[in-house]
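Asker: First the structure, then my questions, so here it is.
Number of protein chains: 2
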Amino acid sequence: MADRYHHGNLRQALIDAGIKIINENGEEALSLRKAAAACDVSHAAPYAHFKDKDELLEAIKKSVTDKFTGELETAVKGAGSADEALIAMGRAYISFFSRNPDYYMFLFGKQNISAHLQMNKENKEDYPPFLLLRKFYKLHLKENGIKISSEEQEIELIKTWAIVHGMASIACMKGVKTSFDWNDPDARLIT
Amino acid sequence: MADRYHHGNLRQALIDAGIKIINENGEEALSLRKAAAACDVSHAAPYAHFKDKDELLEAIKKSVTDKFTGELETAVKGAGSADEALIAMGRAYISFFSRNPDYYMFLFGKQNISAHLQMNKENKEDYPPFLLLRKFYKLHLKENGIKISSEEQEIELIKTWAIVHGMASIACMKGVKTSFDWNDPDARLIT
DNA sequence: TACTCTATCTTGACAGTGTCAAGTTTGGAG
DNA sequence: CTCCAAACTTGACACTGTCAAGATAGAGTA
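Protein chains in written order, with the numbering used here: chain A, 948 to 1138; chain B, 948 to 1138.
The structure is reproduced here in structure tokens:
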């Protein structure tokens, strides 16, 4: 019989299988046993790599967040100015969740966001997408010669993030359909 | 023995027990069997009132949404103008979820929002809080003599909703703490 | 080579879950 | 008074997360 005791890369295989199950049937459908079965492995095998179900979930979230952050960074690459970058980022942000509505609740639901990221517990402001936003916001201030207090900056940052994040959130509410095309070309960011 | 076959008002009792369990231990902790036990009733009794667990969940969501909408309406009552009403509403909106962070994901997570509301399937824009916002936004335009196209109005509405909803959402992200007090007195609404 | 150690995986078990089928009770309509 | 239908109970099933105990095999050591 083949080697039933050494899968080789079970940890990653479980993450991949988990993502596939969630994509096809939603987060509710994911069970440790199904993920294990998808990897042709016994129901308790995952416990060699994850403490419990939550730990697998967190690993999957990290994987998805990495993809999300990657899309934001790609969107920013082609921008000629900080203003363009911010707009592109906002579009990419909304577009990501508009294309994958299930991911919104999966990423932001239930668990503490910092749990699945390598975030500093002391300074909790280093959520990667927010870091990217802050970076280009500061560049935007510099390029346009705007001078405001750092406190005011923080408020503006939150407002900007809130409007984009809020639009993404609303775009994911399947029950609330507005006469609004989330992917139309329309500058509606930056106060 | 007492009457074990006629609870009297089991349906409402299950909803109340469900809310209590969710408040104390989170949505995850709610099971039909626990809610039934809390009502001193057998594990299958809920099926006389709810088709399945989701139907109980929807009933609970409706109950919470009613409370939320009620708070918004109360906040609006004391306002002297539409502008004041809008600001009060925004504060109440954020305050509600800031005080009950678990409710955010409970209400907006997973299920279709329209499922637990008596919403018209044809016109999906009648989410009660949004209706309230639209009402006072139109009043705001009127009071200030602002004239813009209805299309533009809709975009402004979504933007306003998005910034408030987004702030509420961010306020509920326990892992992402910003140097921002969500309850401070500060006019930051209405574009 | 032979021997052990340890991470990895299996098997078996347990309590808890949602759900259904079938039986029991009871108030109220006829 | 009879009978019905709604409300509830009991019992069962498949499925879940989790743990304990055992099996396996590669890697290192002698």
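Where a beta carbon is used, it is the ideal one built from N, C-alpha and C, also for glycine.
1. Can you name the start and end residues of the alpha helix (DSSP H) that residue 961 (chain B) belongs to?
2. Classify residue 1038 (chain B) as buried or exposed, calling it buried when 16 or more other Cβ atoms lie within 10 Å of its own Cβ.
3. Please list, in chain order, the residues of the segment 962-977 of chain A that have any C-beta partner in chain B closer than 7 Å.
4. So is residue 1117 (chain B) in contact with chain A if we call contact Cβ pairs under 8 Å?
5. With a threshold of 16 other CB atoms inside 10 Å of the CB of residue 1092 (chain B), please say whether the residue is buried or exposed.
6. Are the C-beta atoms of residue 1069 (chain A) and some chain B residue less than 8 Å apart?
7. Residues of chain B with CB under 7 Å from residue 1109 (chain A), in chain order?
8. Do the segment 1047-1055 of chain B and the segment 964-975 of chain B touch if we need at least three Cβ pairs shorter than 8 Å?
9. DSSP on residue 1006 (chain A), reduced to helix/strand/coil?
10. Against chain B, does residue 1036 (chain A) count as a neighbour if the rule is that its beta carbon must be under 8 Å from one of theirs?
11. In this structure, does DSSP put residue 1095 (chain A) in helix, strand or coil?
12. For the candidate residues A:1018, A:1098, A:1006 and A:950, whose alpha-carbon lies nearest to that of residue 1139 (chain A)?
13. When you compare the CB positions of residue 1115 (chain A) and residue 1040 (chain A), do they come within less than 8 Å of one another, or not?
14. How many Å lie between residue 957 (chain A) and residue 1085 (chain A) at the Cα?
15. Give me the residue from A:1027, A:1106 and A:1012 with the minimum Cα distance to residue 1075 (chain A).
16. What's the call for residue 976 (chain B), buried or exposed, on a 16-neighbour Cβ count within 10 Å?
17. CB residue 1003 (chain A) to CB residue 986 (chain A), shorter than 8 Å?
18. If residue 1083 (chain A) sits next to residue 1036 (chain A), beta carbons under 8 Å apart, how far is it from one beta carbon to the other, in whole angstroms?
19. Quick one: give me the first and last residue of the alpha helix (DSSP H) that residue 981 (chain A) is part of.
20. So, is residue 1029 (chain A) buried or exposed, given that buried needs 16 or more other C-beta atoms within 10 angstroms?
Answerer: On the basis of the supplied data:
1. 957-972
2. buried
3. none
4. yes
5. exposed
6. For residue 1069 (chain A), the predicted structure reports a pLDDT of 44, less than 50, and the residue's modelled location is therefore unreliable. The matter cannot be settled from this model.
7. 1110, 1113, 1114 and 1117
8. yes
9. helix
10. no
11. coil
12. Because chain A in this structure spans residues 948 to 1138, residue 1139 (chain A) falls outside the shown range and cannot be described.
13. yes
14. 43 Å
15. A:1012
16. exposed
17. no
18. 7 Å
19. 979-985
20. buried
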